[in-house]
Amino acid sequence: MRPKLFTKNISTTITPGNRLILMLLLLIVVFIGCVCAGSQILSPLTVIKGMLGKSDSQVKLILDSLRLPRAYVAILSGAALGMSGALLQGTIRNPLAAPNIIGITSGGSLAAVIFINLFSEASFSIMPLAVFIGALLVTILVYVLSWKDGVSPTRLILVGIGISSVTSALTTLIIAKGNFVASDKAYIWMVGSVYGVTWKDVKLLLPWVSLCFLFSMAHAKHLDVQGLGDDIAIGLGAHLQRHRAILLLLSVALAGNAIAVVGAIGFIGLVAPHMGRRLIGANHAALIPASAILGAMILLAADTVARTLFLPIDVPAGVFTALIGAPFFIYQLYRNRNK
């Protein structure tokens, strides 16, 4: 009986807060391991010294110009997509909700493809803004079409799936009709890749993701209330439609800025919140940071595999997130087939 009692006591001492700390420590370990990997393998000590500015010029070049900005962007983008998925699943109360399911990603993709075909490379510095505006406009359209005495989660996801299909079809049509060079760039962007990012992208994402994280945490309790159902939430005095609109806007802000930098990487917003619920529970005050950490680890690991597995070819990271996410999506459909 002693082993059972001992196991039970240990499990009860691992609170959600402690688990978040352990997950954060694991993210740091994964980060250092991923920065070490590459055509030239570095030791963890060398990486740590390099981050502290105590490395030689060759290591400094590898870290500062190539690996560190790429790793930081992967962490920030993965965290943003994970949080966006957690907000969407909490708002819509559907385990299959994700930025790429209800039109956020497809709206950004359509805007990116139009931008790539219409403007020269000199204008690409403002493409993230165009992608965010595209994602925002499509989400507003989904919200308006879902409105009937308020927005219900069921209508929102059904309309979102329909609009996502339309925008995806338009995106494919534009790629097919565009010139070869533009179509090639658009295809790579749609798959999603962390290749070619710089410190400028880190500076773009860091304040935005941090601000959205703080706002998301401030609205975590509203997600818990909405999880009780619309009638109970209204009975408890919640401003349901206002909170739902704010949470959707936060989800768009997170996902839109992430895909603006790394392209239409899918499934992280679906997988990370599910993993977070299994590890942390359904309380959104813990689930939101857990989804951020798990999303960051997924994209960081996927990008590391993408850039090292087939050297010297740099495979888009979105290929590997899809290999993880697509079977998981099918599994969730199978689990919920009778619901």
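Under the working numbering, the residue at position 232 of the sequence shown is numbered 1289, and the numbers go up by one with no gaps. Beta carbons are placed, not taken as given, at the ideal position from N, Cα and C, and that holds for glycine.
Residues bridged to residue i (per DSSP)
i               : result
tryptophan 1204 : Val1208
Rounded separation between residue i and residue j - CA only
i                  : j               : result
proline 1346       : isoleucine 1232 : 37 Å
glycine 1326       : isoleucine 1355 : 10 Å
lysine 1257        : glycine 1286    : 42 Å
isoleucine 1214    : proline 1073    : 30 Å
lysine 1065        : alanine 1168    : At lysine 1065 the pLDDT is 45, less than 50, meaning the model places this residue with poor confidence; the figure from the coordinates comes in the next sentence. In a straight line, the C-alpha of lysine 1065 is about 52 Å away from that of alanine 1168.
alanine 1342       : alanine 1277    : 5 Å
glutamine 1146     : methionine 1274 : 15 Å
lysine 1117        : glycine 1253    : 17 Å
glycine 1110       : valine 1104     : 10 Å
phenylalanine 1172 : histidine 1279  : 37 Å
glutamine 1283     : alanine 1290    : 6 Å
phenylalanine 1324 : proline 1101    : 30 Å
threonine 1229     : lysine 1260     : 32 Å
alanine 1339       : glycine 1164    : 29 Å
asparagine 1151    : proline 1210    : 8 Å
arginine 1076      : valine 1086     : 15 Å
phenylalanine 1386 : methionine 1184 : 30 Å
proline 1373       : aspartate 1206  : 43 Å
alanine 1363       : valine 1201     : 39 Å
leucine 1357       : serine 1240     : 27 Å
tryptophan 1204    : arginine 1212   : 8 Å
asparagine 1236    : leucine 1186    : 23 Å
isoleucine 1071    : isoleucine 1078 : 10 Å
isoleucine 1119    : arginine 1392   : 45 Å
leucine 1297       : leucine 1344    : 20 Å
tyrosine 1129      : histidine 1331  : 23 Å
leucine 1082       : leucine 1153    : 29 Å
alanine 1043       : isoleucine 1197 : Nothing can be reported for residue 1043, as the shown portion of the chain is limited to 1058 through 1396.
proline 1264       : methionine 1108 : 21 Å
leucine 1194       : threonine 1224  : 12 Å
proline 1060       : glycine 1333    : Note on proline 1060: pLDDT 47, under 50, position unreliable in the model; the coordinate value appears next. Going from the Cα of proline 1060 to the Cα of glycine 1333 covers about 27 Å.
leucine 1306       : leucine 1138    : 14 Å
arginine 1335      : tyrosine 1388   : 15 Å
asparagine 1174    : isoleucine 1245 : 14 Å
threonine 1255     : alanine 1295    : 43 Å
isoleucine 1370    : aspartate 1281  : 45 Å
Proximity of residue i and residue j at Cβ, strictly below 7 Å
i                  : j               : result
cysteine 1093      : leucine 1099    : yes
threonine 1162     : isoleucine 1316 : yes
glycine 1382       : alanine 1321    : no
lysine 1106        : serine 1112     : yes
alanine 1192       : glycine 1313    : yes
methionine 1140    : serine 1348     : yes
glycine 1142       : alanine 1131    : no
cysteine 1269      : leucine 1311    : yes
phenylalanine 1377 : alanine 1353    : no
isoleucine 1337    : leucine 1084    : no
leucine 1144       : serine 1308     : yes
arginine 1127      : valine 1251     : yes
methionine 1247    : serine 1134     : no
serine 1122        : leucine 1368    : no
alanine 1243       : valine 1170     : yes
Integer Cβ distance of residue i from residue j, believed to fall under 8 Å
i             : j            : result
valine 1318   : leucine 1262 : 6 Å
arginine 1301 : valine 1208  : 6 Å
CB contact below 7 Å: residue i versus chain C
i             : result
tyrosine 1252 : This model lacks chain C altogether, as it is built from one protein chain only.
Exercise. Contact between the stretch 1218-1225 and the stretch 1149-1160: three or more CB pairs below 8 Å?
Worked result: Yes, the stretch 1218-1225 touches the stretch 1149-1160.
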